[in-house]
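Asker: Can you keep this structure in mind? I'll have questions shortly.
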Amino acid sequence: MSWIVVGWTPDEFGQVAVEHATAEAALDGSGVILVNASKGDKLVDLRFASGDQLEEVRRTLAAALPGGDDVVQVRQVVAQDVAEAVLAVAAEVDATLIVLGIRRRTPVGKLLMGSVAQRVILDAECPVLAVKPGTRPRYAH
Numbered sequence: 001m002s003w004i005v006v007g008w009t010p011d012e013f014g015q016v017a018v019e020h021a022t023a024e025a026a027l028d029g030s031g032v033i034l035v036n037a038s039k040g041d042k043l044v045d046l047r048f049a050s051g052d053q054l055e056e057v058r059r060t061l062a063a064a065l066p067g068g069d070d071v072v073q074v075r076q077v078v079a080q081d082v083a084e085a086v087l088a089v090a091a092e093v094d095a096t097l098i099v100l101g102i103r104r105r106t107p108v109g110k111l112l113m114g115s116v117a118q119r120v121i122l123d124a125e126c127p128v129l130a131v132k133p134g135t136r137p138r139y140a141h
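Everything in the sequence shown is counted per UniProt numbering, starting at 1 for the first residue and increasing by one.
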């Protein structure tokens with residue numbers, strides 16, 4: 001089975017990534033692996049999902065894909081390097097695609113803060129689909 005890896009956060013960026021990954025997976029029967037990662041260096045990290053949020057998105061994906069529960073995985077990772085966590089899962093399953101929700105950043109913002117999406121795009125061994133909130137998948141499922 002081929003796998004699509006989604007760098008997922010419980011916000012609008014994660015939602016648009018799931019929408020696009022679902023459409024892509026429906027085209028070729030791929031499974032979807034959601035990776036929710038955090039550095040774990042903050043008391044509260046809003047990008048690190050609760051168990052209820054993870055279960056909700058897992059159920060939504062399973063309902064949308066022909067293979068149901070058999071083609072959906074959820075992985076929650078605490079890692080110093082979030083980009084590396086996504087890339088490691090993609091390498092482990094030999095992913096055919098990585099999907100990320102991205103936000104617009106200024107050049108100075110990229111320089112000062114770095115970018116998980118930029119690292120994934122540059123270092124991935126497979127194609128990366130970077131999508132912004134408000135965009136629709138190219139194929140409806």
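Positions of the beta carbon are idealized from the N, C-alpha and C atoms, including for glycine.
Return yes when the Cβ of Leu100 is within less than 8 Å of the Cβ of Ala117, no when it is not.
Answerer: Working through the sequence shown from its first residue, we reach residue 117 at position 117. Working through the sequence shown from its first residue, we reach residue 100 at position 100. Yes, Cβ-Cβ distance for Ala117 and Leu100 is below 8 Å.
Asker: In the DSSP output, what is Val71 paired with across the bridge?
Answerer: Taking the sequence shown and counting its residues from 1, one reaches residue 71 at position 71. Answer is none; Val71 lacks a bridge partner.
Asker: Helix, strand or coil for Val35 per DSSP?
Answerer: Here residue 35 corresponds to residue number 35 of the sequence shown, with the count starting at 1. Correct three-state label for Val35: strand.
Asker: When the Cα of Val35 is compared with those of Pro133, Ala79 and Gly68, which residue comes out closest?
Answerer: By 1-based counting over the sequence shown, the position of residue 35 is 35. It is Ala79 whose Cα lies nearest to the Cα of Val35.
Asker: Could you compute how far the alpha carbon of Val16 sits from the alpha carbon of Val6?
Answerer: Along the sequence shown, one-based indexing puts residue 16 at 16. Along the sequence shown, one-based indexing puts residue 6 at 6. C-alpha separation (whole angstroms): 10 Å.
Asker: What is the residue span of the alpha helix (DSSP H) that Ala85 lies within?
Answerer: Sequence index remark: in the sequence shown, residue 85 carries index 85 (1-based). Run containing Ala85: Val82 to Glu92, per the alpha helix (DSSP H) assignment.
Asker: Label Glu19 either buried or exposed according to how many other C-beta atoms from any shown protein chain fall within 10 Å of its C-beta, with 16 as the threshold for buried.
Answerer: Locating residue 19 in the sequence shown gives position 19, counting from the first residue. Answer is buried; the Cβ neighbour count reaches 16.
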